[in-house]
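Undergrad: Using my numbering, count along the sequence shown one by one with no gaps and you end on 516. Handing you a structure now.
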Amino acid sequence: MKKADIQLQPRVSDRITFLYLEHCRISRQDGAIEVLDERGKCLIPAATVSVLLLGPGTEITHRAVELIGNAGTSLVWVGEQGVRYYASGVPLTHRSTLLEQQAKLVLNQRTRLQVAKKMYQMRFPNEDVKHLSMQALRGKEGTRMRKVYERMAQETDVEWHGRSYQVDDFSKSDAVNQALTAGNACLYGICHSVIAALGCSPALGFVHTGHERSFVYDVADLYKAQITIPLAFELASECPREEIATEMRHRCRDRFREMKLLKQIVSDLFYLLDVDEELRHLDVNVLELWDTHGNVSGRKSYASRPSDSDSEEWDER
Numbered sequence: 200m201k202k203a204d205i206q207l208q209p210r211v212s213d214r215i216t217f218l219y220l221e222h223c224r225i226s227r228q229d230g231a232i233e234v235l236d237e238r239g240k241c242l243i244p245a246a247t248v249s250v251l252l253l254g255p256g257t258e259i260t261h262r263a264v265e266l267i268g269n270a271g272t273s274l275v276w277v278g279e280q281g282v283r284y285y286a287s288g289v290p291l292t293h294r295s296t297l298l299e300q301q302a303k304l305v306l307n308q309r310t311r312l313q314v315a316k317k318m319y320q321m322r323f324p325n326e327d328v329k330h331l332s333m334q335a336l337r338g339k340e341g342t343r344m345r346k347v348y349e350r351m352a353q354e355t356d357v358e359w360h361g362r363s364y365q366v367d368d369f370s371k372s373d374a375v376n377q378a379l380t381a382g383n384a385c386l387y388g389i390c391h392s393v394i395a396a397l398g399c400s401p402a403l404g405f406v407h408t409g410h411e412r413s414f415v416y417d418v419a420d421l422y423k424a425q426i427t428i429p430l431a432f433e434l435a436s437e438c439p440r441e442e443i444a445t446e447m448r449h450r451c452r453d454r455f456r457e458m459k460l461l462k463q464i465v466s467d468l469f470y471l472l473d474v475d476e477e478l479r480h481l482d483v484n485v486l487e488l489w490d491t492h493g494n495v496s497g498r499k500s501y502a503s504r505p506s507d508s509d510s511e512e513w514d515e516r
């Protein structure tokens, strides 16, 4: 099939949030993803999904990956129960404008601090944080999160001893920590998918730093107190432990859809990166050459004028 123009693809905010698959074979039938397991076959329109989480036992064909990539759907390979991240796929946009904007803000200490304060301001909507240092903001955030955990433990009558989990052994954590780990993995997948789809870098964080997913953790932290923490405590109070990871994914999926989280993340990223209307269009395929006097068109051959050989002026041949 001919590759669809990016202008015709559903926007990130209009797609299903995520789909988790495990122990199945994934192939392609025309413009649909074909999923085959012991229960039978299912066809999924590729462009309707924001991110596919591929768990253990999944096999995927080259043709399926081709379709998924063309549709702008992100692939994220995850571990058992969907709680470990291994690798991910491609962006939806051809533009580098948002990435350049992100890098410009990150690499300047003043603007980086402004964006970090914006993130904290979103968590403290009724407080003025402009004059607080990063140390003070981290302290306020730590206090806020402890209160959120304690309040949810009291409301659900779930015993809480703090956030802890074994990276290599999911089963060693208590029920609420298992639910938090599974839910946060889903939230990270969604945030990573939107960041990649917009052409930003998952690694260039403003609060978190030094990790390949620093910006993913920055963005996900905006929503944990609203989504994954309440759901985790609710599940820990009512769900059998052996079913908690699966049920958490289901409830996260439903909550993401109810909240229109994809649309919210896109809006929040535009706000954090101070993106104007002109930069919000992802359907423009632009290739330019950098120049000290302003970018020039790409896909052309240039040569300096013989009379201006010592200047930096360029002319189309």
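Built from N, CA and C at the ideal position, the CB exists for glycine as well.
Looking only at C-alpha atoms, which of Leu-421, Gly-254, Ser-273, Gly-271 sits nearest to Leu-471?
TA: Leu-421
Undergrad: Helix, strand or coil: how does DSSP classify Gly-239 here?
TA: strand
Undergrad: When the Cβ atoms of the stretch 254–270 are set against those of the stretch 370–383, are three or more pairs found closer than 8 Å?
TA: Proximity of the stretch 254–270 to the stretch 370–383 falls short of the contact definition, fewer than three beta-carbon pairs being nearer than 8 Å.
Undergrad: Do you know offhand how far Thr-216's Cα is from Ala-246's?
TA: 12 Å
Undergrad: Tell me the rounded alpha-carbon separation between Ile-443 and Tyr-364.
TA: 15 Å
Undergrad: State the DSSP-derived secondary structure class of Val-248, mapped to helix, strand or coil.
TA: strand
Undergrad: DSSP state of Arg-412, grouped into three classes?
TA: In this structure, DSSP gives Arg-412 a state outside helix and strand, which the three-state scheme calls coil.
Undergrad: May I have the straight-line CA-CA distance separating Pro-244 from Leu-252, to the nearest angstrom?
TA: In this structure, the straight-line span from the alpha carbon of Pro-244 to that of Leu-252 is close to 16 Å.
Undergrad: Have a look at Ser-370, Leu-336, Arg-322 and flag the residue whose alpha-carbon is nearest the alpha-carbon of Val-347.
TA: The option with the nearest alpha carbon to Val-347 is Arg-322.
Undergrad: Threshold first: 4 residues or longer. Then list the alpha helix (DSSP H) segments lying entirely within the stretch 366–439, N to C.
TA: Counting whole runs of 4 or more residues, the stretch 366–439 contains the alpha helix (DSSP H) stretches 374–396, 413–419, 427–437.
Undergrad: To the nearest angstrom, report how far apart Lys-317 and Gly-254 are at their CA atoms.
TA: 35 Å
Undergrad: Helix, strand or coil for Glu-221? Go by DSSP, reduced to three states.
TA: Here Glu-221 sits in coil by DSSP.
Undergrad: I need the straight-line Cα distance from Lys-423 to Asp-490, nearest angstrom please.
TA: 43 Å
Undergrad: Confirm, please, whether the CB-CB distance from Phe-405 to Val-465 is below 7 Å.
TA: no
Undergrad: Once the 5 residues before and after Asp-236 are set aside, which same chain residues still bring their CB inside 7 Å of it?
TA: His-222, Cys-223
Undergrad: Using 8 Å as the threshold, is the stretch 391–398 in touch with the stretch 452–459, meaning 3 or more CB pairs across them?
TA: no
Undergrad: Under the DSSP definition of a beta bridge, which residues are partnered with Ile-232?
TA: DSSP lists Arg-227, Ile-243 as the bridge partner or partners of Ile-232.
Undergrad: Roughly how many whole angstroms lie between the Cα atoms of Glu-358 and Arg-350?
TA: 11 Å
Undergrad: Please classify Thr-216: does DSSP put it in a helix, a strand, or coil?
TA: strand
Undergrad: Entirely within the stretch 269–354 and at least 4 residues each: give me those alpha helix (DSSP H) ranges in chain order.
TA: 296–305, 308–322
Undergrad: What did DSSP end up calling Ser-457 once you bin it into helix, strand or coil?
TA: Strictly speaking, residue 457 in this sequence is Glu, with Ser absent from that position. DSSP places Glu-457 in helix when its eight states are reduced to three.
Undergrad: Could you give the first and the last residue of the continuous beta strand (DSSP E) run that contains Thr-260?
TA: No beta strand (DSSP E) holds Thr-260; DSSP gives it neither H nor E.
Undergrad: Check Leu-472 in the structure and name its three-state DSSP category.
TA: The three-state reading of DSSP puts Leu-472 in coil, since its state is none of H, G, I, E or B.
Undergrad: Hey, how far is the Cα of Gln-228 from the Cα of His-391?
TA: 27 Å
Undergrad: Could you tell me the alpha carbon to alpha carbon distance between Glu-258 and Ala-374, rounded to whole angstroms?
TA: Looking at the two C-alpha atoms, the distance is approximately 30 Å.
Undergrad: Of all the options Thr-408, Ser-370, Phe-455, Thr-355, which has the alpha carbon lying nearest to the alpha carbon of Leu-434?
TA: Thr-355
Undergrad: Relative to the C-alpha of Asp-153, which candidate in Tyr-219, Leu-468, Glu-279 has its C-alpha closest?
TA: Nothing in the structure corresponds to residue 153, since the chain is present only between 200 and 516.
Undergrad: Hey, Cys-241 and Val-234: beta-carbon distance below 7 Å or not?
TA: yes
Undergrad: Distance check for Ser-226 and Arg-238, CA to CA, integer angstroms please.
TA: 16 Å
Undergrad: How close, in whole Å, do the beta carbons of Val-328 and Tyr-319 come, if the pair is a contact with beta carbons under 8 Å?
TA: 5 Å
Undergrad: Thinking Thr-445 and Leu-386 are a contact (beta carbons under 8 Å), I'd like their distance in whole angstroms, please.
TA: Wrong, their Cβ atoms sit about 16 Å apart, outside the cutoff.
Undergrad: To the nearest angstrom, how far is it from the Cα of Val-275 to the Cα of Leu-218?
TA: 10 Å
Undergrad: Buried or exposed for Leu-488, please, with buried defined as at least 16 other CB atoms from any protein chain shown within 10 angstroms of its CB.
TA: Taking all protein chains in view, the Cβ of Leu-488 is surrounded by fewer than 16 other Cβ atoms within 10 Å, so the residue is classified as exposed.
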